[in-house]
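Here is the structure we will look at, set down as structure tokens.
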Amino acid sequence: MSTVPSSLIPADDEARLRALERYQLLDARSEKVLDDVVAAAARLFHVSNAMLSVVEGDTVLLKAPYNLPVDIERIPRGQSLCSATILQDETAVFEDLNQASAPSVDISLLQQLGLGFYAGHNLRTPDGHNIGSLCLYDGPPRQFSPAERGLLGILAGLTMRLLELRRVLGAHAGTTAVLWDFVYRAIGEQLARLLELAERVGPKGTSVQLTPRRPRKPPPLWASSTSLWRLLCGAPEPRHPEARTFAAFPCL
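Take the sequence shown: its letter number 186 is residue 186 in UniProt numbering, and every next letter is one higher.
Okay, structure coming up:
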């Protein structure tokens, strides 16, 4: 019998767990691409800890942990703020865990670890299931601006695209290693640019002046595997399928 508080279980939990199985994330093996993305998030937001959380039936897997103060692979679902994060569409933020926390979540472990700040955004599948979150932790309480919340949401979306690509490549076991090497090299430059941005942002969420730009809805990237071309390279896809070879990618 599950010990997870009913208030932390979304209505679609059974379908959500079935969706989670497709991504084959339920182990704690290190994967360099995911490790680097999480490390970049920690540096970008100037926080001490970050990770991907994977919300299972009764536990939460800590995937690609960055600088966590203890070596923990899983924690009970009722002790993870990420269990509450998957219940909403917006970025979940608790600027001071000494003053407020999510209902039904036991934060005693976080308090024991001296963590007073949390921010997390859903990892949402193309069919609408929240399987986990990209989350940030820090010791002292701190403010988290609307711009930072939006940026964390963008980064979580990019992470989910990477997980979707990982799932698709996993269906082709014979070539997965080669394809992952290609993907990692392709996104390496983008991660470097992200870290350059991190150096320009003040510590602990100091605001920076950015030129306002009208928001635009990005085109869907799940329609076909060839959308990888635009995702990684930002270039138009060739008209002829035979031109879509690894050697032809302009970003390599």
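All C-beta atoms in this analysis are idealised placements derived from N, C-alpha and C, irrespective of residue type, glycine included.
Model, not experiment: these values are computed from the prediction.
With respect to the beta strand (DSSP E) encompassing residue i, which residues constitute its N-terminal and C-terminal limits?
| i | result |
| --- | --- |
| Ser-53 | 49–55 |
| Gly-120 | 117–124 |
| Val-4 | No beta strand (DSSP E) holds Val-4; DSSP gives it neither H nor E. |
Sort out for me which residues DSSP pairs residue i with in a bridge.
| i | result |
| --- | --- |
| Lys-32 | Partner(s): none; Lys-32 has no beta bridge. |
| Arg-74 | Leu-61 |
| Ser-104 | Paired residues: none, contrary to the question. |
| Asp-138 | Phe-117 |
| Phe-182 | Answer is none; Phe-182 lacks a bridge partner. |
| Asn-130 | Arg-124 |
| Phe-45 | According to DSSP, which records beta bridges pairwise, Phe-45 is partnered with nothing at all. |
| Val-93 | Ala-119 |
Could you give the distance in angstroms between the alpha-carbon of residue i and the alpha-carbon of residue j?
| i | j | result |
| --- | --- | --- |
| Leu-97 | Gly-116 | 5 Å |
| Leu-134 | Phe-182 | 24 Å |
| Asp-12 | Gln-111 | 30 Å |
| Asn-122 | His-129 | 9 Å |
| Ser-48 | Arg-142 | 12 Å |
| Leu-20 | Ser-6 | 20 Å |
| Glu-31 | Ser-101 | 31 Å |
| Trp-229 | Leu-165 | Residue confidence is low: Trp-229 scores 41 on pLDDT, short of 50, so the model does not pin down where it sits. Its coordinate-derived value is still stated next. Those two C-alpha atoms are separated by around 12 Å. |
| Leu-26 | Tyr-118 | 23 Å |
| Phe-144 | Pro-65 | 21 Å |
| Ala-40 | Glu-14 | 32 Å |
| Glu-95 | Ile-9 | 24 Å |
| Tyr-137 | Asn-67 | 10 Å |
| Leu-44 | Ala-50 | 11 Å |
| Leu-195 | Leu-162 | 18 Å |
Excluding sequence positions up to five away, which residues of its chain have a Cβ less than 8 Å from the Cβ of residue i?
| i | result |
| --- | --- |
| Thr-3 | Asp-58, Pro-76 and Gly-78 |
| Ala-243 | Only weak support exists for where Ala-243 lies, its pLDDT of 36 falling under 50; the value from the coordinates is given anyway. Counting only Cβ-Cβ distances below 8 Å, and skipping sequence neighbours, we find nothing. |
| Asp-127 | Ala-19 |
| Cys-82 | Ser-53, Val-55, Val-60, Gly-120, Gly-132, Ser-133 and Cys-135 |
Whose C-beta lies closer than 7 Å to the C-beta of residue i among residues of the same chain, with five residues either side of it excluded?
| i | result |
| --- | --- |
| Leu-17 | Gly-57 |
| Gly-153 | Thr-91 and His-121 |
What are the boundary residues of the alpha helix (DSSP H) that residue i is part of?
| i | result |
| --- | --- |
| Ala-15 | 13–22 |
| Val-168 | 146–170 |
| Ser-83 | 81–85 |
Quick one: residues in its chain with C-beta nearer than 6 Å to the C-beta of residue i, no 5 flanking neighbours on either side, listed in chain order?
| i | result |
| --- | --- |
| Gly-114 | Gly-139 |
| Leu-85 | The question names Leu, yet the displayed sequence has Thr at residue 85. If we look at Thr-85 and ignore the five residues flanking it on each side, its Cβ neighbours are Ala-92, Gly-120 and Ser-133. |
| Arg-214 | Residue placement at Arg-214 cannot be trusted, given a pLDDT of 41 that sits under 50; what the coordinates show is reported in the next sentence. Closer than 6 Å at the Cβ level, and outside the excluded window around Arg-214, lies no residue. |
(message) With a threshold of 8 Å, are at least 3 pairs of Cβ atoms found where one atom belongs to the segment 33–48 and the other to the segment 187–194?
(response) Yes: the two stretches touch, three or more of their Cβ pairs being nearer than 8 Å.
(request) Kindly confirm or deny that the segment 101–112 and the segment 72–86 touch, where touching means at least three C-beta pairs closer than 8 Å. (result) With the cut-off at 8 Å, the segment 101–112 and the segment 72–86 touch.
(request) Evaluate the contact criterion for the segment 88–95 versus the segment 59–69: three or more CB pairs, one atom per stretch, below 8 Å. (result) Flag = no, the segment 88–95 and the segment 59–69 do not touch.
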